[in-house]
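Everything below concerns the one structure shown next.
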Amino acid sequence: MKTQSVSEFAAQAKTGNIDLEENTHKILDKILKAENCNFFNSVSKDLALHQARELKAKIKAGKQVGRLFGVPVSVKDCICVKGVESRAGSKILEGYFPTFDATVVLKAKAEGAIIIGKTSQDEFGFGTFSTNTGLGFKAPRNPLDSERSCGGSSGGSAGITAFADFTHVSIAESTGGSIACPASFCGVAGFTPTYGLVSRFGLIDYANSLDKIGSMGKTVADSALLLETISGHDEKDSTSLNEKISFSPEASAKGMKIGVIKEFFGEGINPDVSKIAWASIKKLEKSGAKIREISLPLNAKYAIPAYYLIAMAESSTNLAKYCGMRYGAHENLSGSFNEYFSKVRSNNFGEEAKRRILLGTFARMSGFRDAYYLRAMKARTKLINEFKLAFKEFDVLVNPTMPVIAPKFFEIEKLSPIEQYAMDLCTVPSNIAGLPHISINAGFSQKMPVGIMLTAGHLKEQILFKVASVLEESQ
Amino acid sequence: MIGLECHVQLDTYSKLFCSCPTKPETEEPNSACCEICLGMPGSKPVLNKKALDYALKVALALNCKINEKFFFSRKTYFYPDMSKNFQITQYEIPIGSQGFIELSSGKKICIRRVHLEEDPAALVHESGLLSSSYCLVNYNRSGIPLIEIVTEPDMASPQEAREFLDQLTMILSYLDVFDFENGTLKADCNLSVVGNERAEIKNVTGKRNVEKALEFEAKRQLELVKQGKQIVRETRGFDEKNLSTKSLRKKETEEDYGYIFEGDLVAFELTKKKIDAIRKSLPELHSDKAKRLAKEFGISEYDAKVISGSKFLSDLFEEFAKASSAKTANFFVSGVFVSIAHYENKEPEEMAPRLNVSQLKELLALFEQNRINEKALKEAAIAHITKGKNPLDFIKENCLFKEASSGEVEKIVEKVLSANPKAVADLKAGNEKSLNFLVGLAMRESKGKAEPREIKRIIEEKTK
Ligand SMILES: [Zn+2]
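In the order they appear, the protein sequences are chains A and H.
Heads up: the first sequence is residues 1 to 475, going by my numbering.
Heads up: the second sequence is residues 1 to 464, going by my numbering.
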């Protein structure tokens, strides 16, 4: 049975035809029963039921408003929810109960959303498969095949979105592809907005100049509606743009100039994945889009190294604050502050976090700073310019979201860090350039979903909505 | 050669990146902080525009070139007073660069850069820095705006460094961006003897200590050079009690802070219009003011310089001059008040909270009307400033009015003397007892209001 869309559900809920308390109870039960899928790092049962009762009271009072009225919304663990343990998937944040809501959470709540819990992820977002979990956390299992990964780093968000047989959307986050990748592996819609369109206030940072909060839903419309409600200027985030998105529901690719990124259909891309992506492109052509190949040689070659240098340099400073002093994991007090900080950090960071702290610190030390960090920043400008040129000719660029279908856990274990980083080949360029992109399902290979990714120019989210809707309808 | 890195707290209402007050209502530790200045995960800084304006004012007043595009950076190092283990500061492009301050000799001390940054929290070692086995952290200070002013190594002596700082604080007082009462001025002082390595004295608080630290350090280094010994490159600390410096750590290389851009703040772009507006808003600075005061009030150039040495002093002077006369105001401000401040080892601004201006105006009015003398004015002022005494009460209680001390008492004494010729004769013959007898009579006559010492003095005068 098809689940109700978010807008249908909200409209129903407002009439009082859905008992929100009962519905929320039912959903929480389902989540708890699926505990071994590891979609959640914490389930905010009390908060959700409290909100459900409040919304019921609003209906009684005739004050039922909001585009997400009564809709269950999950939130990636790295996004602060007031009073709910928010750990970004790391043991070092054990016991951190934020005293404030992230702006996106505040906005969603104001629209009537019911926050059901914090979804699992790679520790601080450091991964592509949600397998780089913090100490004591478990990787989410793909709802289509529990031996396979959900993708990452927003793995839990994609997992629960695909798993849910109820109306639900998820607030996810992407630094280098962390929304598109798991959306692709789980077969859902993942919308990553233009950098700055959605406030980052309340986001536990991975890399500040790259982090973007976005949305996931079963459909393009669901994810777009969530994105619409959480977007907009926020004076608490200096990098937030003075822009707000509002989508007009429309499915059309007519006259659209679509560029197929040549480099992302060749070497390193699974042929089956390539084939499925091309089939989607043909559908767009049938709908009246003009298809042409385009080459992005700089992005294909330099986006990954530049991205990882910048992301690691920034994350190594973001992670400096975790030292067992003010919040999070503590150890017995002994020795000098240096010894104590080292002990807390040694005992509570996972392996990938430690790797990135070391590499990131190295890349910004004097003597190496010019060769690595500053060079990567300069490269980034060139990568953005390559996109700008491309968008003079095209409305949308297209590529398979991931080079492969969701891998099995034992396959991931065999990959070296470098091989893992290379998996982000197709998602990193749009992310390093801060461009809006959406990943939706394009078909199946070995019964597993294959995602296709559409990228548009800065603040052109509406174009993505239109084109992605065409593909969705043709499924 | 001496170069200074001065850190000055800016007197804004709220902190640099959050809305917490810089001066909380209570002294309670950790009462004025929020998720931002505590560096809680998820929080983000937002620049206080007022602090930026203040920093621009300082940079302009220090004759700096303003960088229209600038940004903030993260300076990373682990220390318990750092809420995020990185400090948000400026690295590549500061707000201002290439400025100078001109000393009275005409020599220009070049300023390399002026930048804006956040103050770390305060560490409290309850039982002393060395003996405490733990330390407490007070985040009320965390995030207070600081400007760092870095000079070139242009100063040739501790005295020049002191004059530089005097000029700097003068400018700060005129710009009204520094709270002399609660704010702190700290400096890292670099000193080297030409041809030798330099030593840095870290974190010296206050102008006087900077001068003392440099005096000690200059002597120490010159002595080493004289003995043919090598000066090692090191970081030293200043001991305020012994007025000496001691080695903290050797410094083979520059510290490596791994600076990166602060991605939570955007790059700032100032318009020419904005810079011009700030330039126009700069108040009359001290050199212009000194000239104006000398001309307008007819006081000596020297006094005008002393008075315009701080905005506080000159404002005080102008207020008193309006209420009484320029002469009286000048006598009080540059003669009395400045010397009390000097005696107390305080900047005039620091004495501000002790002054009750309206009470002092009454005191100056008495002086103006010739009802009290200079000595009485000084004594009353000292009692007011050091003990919080109402100066008028002080004058009354100590009978310092001219009429009480000379006029009336003199009449009483004359009356007593002419009524007791025998006692006067005895006194003239050297009988001390008759002096006490006459004083007693005069006291009775004045109904106890006159002072025995005063009576004694007048009798002695009249019977010589
Ligand atoms: Zn604060």
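Just so you know, even glycine gets a beta-carbon here, dropped at the ideal spot from N, CA and C.
Quick one: what's got a C-beta closer than 6 Å to residue i's C-beta in the same chain, skipping five residues either side?
i      : result
A/N242 : H233
A/D122 : S130, N132, G152, S153
With 8 Å as the threshold, decide whether the Cβ of residue i is near any Cβ in chain A.
i      : result
H/V333 : no
H/Y259 : yes
H/V46  : yes
H/R198 : no
H/V194 : no
H/P120 : no
H/F86  : yes
H/L270 : no
H/R279 : no
H/G263 : yes
H/V210 : no
H/D256 : yes
H/V124 : no
Would residue i be called buried (16 or more neighbouring beta carbons within 10 Å of its own) or exposed?
i      : result
H/Q227 : exposed
H/C18  : buried
H/Q230 : exposed
H/C135 : exposed
H/I459 : buried
A/Y340 : buried
A/K388 : exposed
A/K33  : exposed
A/I418 : exposed
A/N23  : buried
A/G255 : exposed
A/Y195 : buried
A/P271 : exposed
A/P403 : buried
If I follow the unbroken alpha helix (DSSP H) through residue i, where does it start and stop?
i      : result
H/T89  : Where H/T89 is concerned, there is no enclosing alpha helix (DSSP H), although the beta strand (DSSP E) it sits in stretches over 86-89.
H/R74  : Segment 73-76 is the beta strand (DSSP E) holding H/R74; no alpha helix (DSSP H) there.
A/C181 : 180-186
H/L165 : 158-175
H/T386 : 374-387
Over the uninterrupted beta strand (DSSP E) stretch that includes residue i, give me the two end residues.
i      : result
H/H510 : Here chain H has residues from 1 to 464 only, and residue 510 of chain H is not among them.
H/Q98  : 96-102
H/V150 : 145-151
A/L454 : 448-456
A/G259 : 257-261
H/A187 : 185-192
For a cutoff of 8 Å on Cβ pairs, would you count residue i as touching chain H?
i      : result
A/E314 : yes
A/L358 : no
A/K109 : no
A/R53  : no
A/R355 : no
A/A303 : no
A/L197 : no
A/F100 : yes
A/Y96  : yes
Might you give, ordered along the chain, the residues of its own chain that have their beta carbon closer than 7 Å to the beta carbon of residue i, omitting 5 neighbours on each side?
i      : result
A/I384 : A433
A/E147 : K408, F409
Any heavy atom of ligand 2 closer than 7 Å to the CB of residue i?
i      : result
H/K212 : Summarising the ligand content, the structure contains ligand 1 and does not contain ligand 2.
Can you find the residues in the same chain that come closer than 8 Å, C-beta to C-beta, to residue i, ignoring five residues on each side of it along the sequence?
i      : result
H/L60  : I66, G96, I275, I278, R279, L282
H/S173 : F180, S310, K311, F312, E349
Positions along the stretch 16-43 of chain H whose CB lies within less than 7 Å of some CB in chain A
Within the stretch 16-43 of chain H, the residues whose Cβ lies closer than 7 Å to any Cβ of chain A are, in chain order, E35, L38, G39, M40, P41, G42.
Mind listing which residues of the stretch 202-227 of chain A have their C-beta closer than 9 Å to chain H's C-betas, in chain order?
For the stretch 202-227 of chain A, residues whose beta-carbon sits nearer than 9 Å to a beta-carbon of chain H comprise G202, L203, I204, D205, A207, N208, S209, L210, D211.
Using a beta-carbon distance cut-off of less than 9 Å, what residues from the stretch 320-335 of chain A approach chain H?
Residues A320, K321, Y322, C323, M325, R326, Y327, G328, L333.
Residues, ordered as in the chain, of the stretch 227-256 of chain A that lie near chain H by beta-carbon distance below 8 Å:
Within the stretch 227-256 of chain A, the residues whose Cβ lies closer than 8 Å to some Cβ of chain H are E235, K236, D237, S238, T239, listed in chain order.
The stretch 283-303 of chain H: which residues have C-beta closer than 7 Å to a C-beta of chain A, in chain order?
So nothing in the stretch comes that close.
Taking a Cβ distance cut-off of 9 Å, strictly less, list which residues of the stretch 228-245 of chain H are near chain A, in chain order.
Within the stretch 228-245 of chain H, no residue has a Cβ lying closer than 9 Å to any Cβ of chain A.
Using Cβ-Cβ distances below 8 Å, what residues of the stretch 79-108 of chain H are close to chain D?
Structure shown: chain D not included; protein chains present are A and H.
Which of the residues in the stretch 421-442 of chain A, read from start to end, lie with their CB under 7 Å from any CB of chain H?
Result list empty, no residue passes.
Relative to chain H, which residues along the stretch 336-353 of chain A have a C-beta separation below 8 Å, given in chain order?
Hits within the stretch, in order: F337, N338, F341.
Quick one, which residues of the stretch 359-387 of chain A are near chain H if we go by CB-CB under 7 Å, in chain order?
Within the stretch 359-387 of chain A, the qualifying residues are T361, R364, M365, S366, Y373.
With 9 Å as the C-beta to C-beta threshold (strictly closer), list the residues of the stretch 277-305 of chain A near chain H in chain order.
For the stretch 277-305 of chain A, which is checked against every Cβ of chain H, not one residue is closer than 9 Å.
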